[in-house]
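Working notes, structure below.
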Amino acid sequence: MRDFRDAKAMAQTLRASLTAKTVTISHGESLELVSKMFGVADWNTLSAQIQAGREGPLVAAATHATEAGRHPAMPIRDFVPFPGGIVPLYTDRAKTIQALGRAFQGARQIIVAIQRSSDVDEPGLADVYDVGVLGSVLTLDQLADGRWKALTQIHRRIMIKDFVGEADGYVADVEVPDEQPALDVPFLILATKARFAVHSFRDTIKQGWDTIKQGYPCVPQIKPPFERVRDPGRLADMIASHIELSIPDKQALLATLDPVRRLERVRDLLQGNA
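Per this note's numbering, the very first residue in the sequence shown carries number 15; after that it's consecutive.
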């Protein structure tokens, strides 16, 4: 398992992963992002820690999990993020911007709540799903059109017990769910990977045909490698992040705490889309 001493390699992996998602950052920016993942202010500080071999405090900062309680929160529309990913989140809502600012100035943790309907501008508890995610705000930038972009690392599922908009931004009371341990299900993993391969091949052919009809060169989308993934829950989340599903279907996957059951649902959804 990688730790803070592998920061440069992690920065290269992060940059390559973001490039695959059409998010371009420099090598220096990727080093700064990895530093923040370990709870360190900047790359120079982390580099000094690496040279000094001070492993303890940095590992503790990197693996720290939020406690149940009250945290800054942001509601999002028409998108379901899954643990393990780094995603850009956009907003122009004042209370969301305030919550992101509080998170960014503090521990950088943010509760991401998925709205049941995109038509609601001032959501409350009844307007968001019970299961959301905990993320860390890596960067926070204002765009030319006035919106704010938060590059967010998604860590884990959380249960939302309350969600309100206050004067200084949205906040959520959350609990950490008791997720089921992952079992060894090699045949289910192989079957799901095989169905995803068929699904990806069909999408690649369709994308290539669409580009030909539009008069553009055929450049199929490259799907991420899954061959080394052996954890059923992690595999389910990775595939769910890369296939087109309705928001209710994706939310149902996010809310499925049993990793084997979650992968079974992904397999069945892939079969239905075949």
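Glycine included, every Cβ here is placed at the ideal spot set by N, Cα and C.
- Apart from sequence neighbours up to five positions away, the residues of its chain that approach Val142 with a beta-carbon distance below 8 Å are Pro89, Ala127, Ile128, Gln129, Arg130, Ile174 and Phe177, ordered along the chain.
- Tyr104 places its beta carbon less than 8 Å from that of Arg161.
- In this structure, Asp245 and Ala196 form a Cβ contact; the two beta carbons are roughly 5 Å apart against a cut-off of 8 Å.
- Exclusion of the five residues before and after Arg279 leaves Ala250, Ala266, Leu267 and Thr270 as the residues of its chain whose Cβ lies within less than 8 Å of its Cβ.
- Going by C-alpha positions, Thr166 is about 5 Å away from Val151.
- Thr36 and Arg29 have their C-alpha atoms some 10 Å from each other.
- Across the set Gln123, Arg281, Ile257 and Met24, the C-alpha of Gln123 shows the shortest separation from the C-alpha of Val185.
- Excluding residues up to 5 positions away in sequence, Pro102, Tyr104, Asp155 and Leu157 lie with their Cβ nearer than 7 Å to the Cβ of Lys163 in the same chain.
- Across the structure, Val48 and Ile253 are spaced so that their CA atoms are roughly 24 Å apart.
- According to the DSSP assignment, Asp263 belongs to no beta strand (DSSP E) but to the alpha helix (DSSP H) extending over Ile261 to Leu268.
- Within the same chain, Leu249 come within 6 Å of Val243 by CB-CB distance, once the 5 residues on both sides are set aside.
- Apart from the 5 residues on each side of it in sequence, Ile203 sits with its Cβ closer than 8 Å to the Cβ of Val243, Arg244, Pro246, Leu249 and Leu277 in its chain, given in chain order.
- A direct Cα-to-Cα measurement between Glu43 and Thr33 gives close to 13 Å.
- DSSP places Ser132 in the coil class of the three-state scheme, outside both helix and strand.
- Between Thr38 and the set Arg209, Ile125 and Ile100, the nearest pair of CA atoms involves Ile100.
- Beta-bridge analysis with DSSP links Asp176 to Asp187.
- Secondary structure of Gln119 (DSSP, three-state): helix.
- Secondary structure at Ala30: helix, using DSSP grouped into helix, strand and coil.
- Taking a 10 Å sphere around the C-beta of Ser40, we find fewer than 16 other C-beta atoms and assign the residue as exposed.
- In this chain, the alpha helix (DSSP H) harbouring Ala250 covers Pro246 to His256.
- Ranked by how close their Cα comes to the Cα of Ala117, the residues Asp272, Gly183, Lys22 and Glu46 have Gly183 in first place.
- Leu114 and Ser255 have their C-alpha atoms spaced approximately 23 Å apart.
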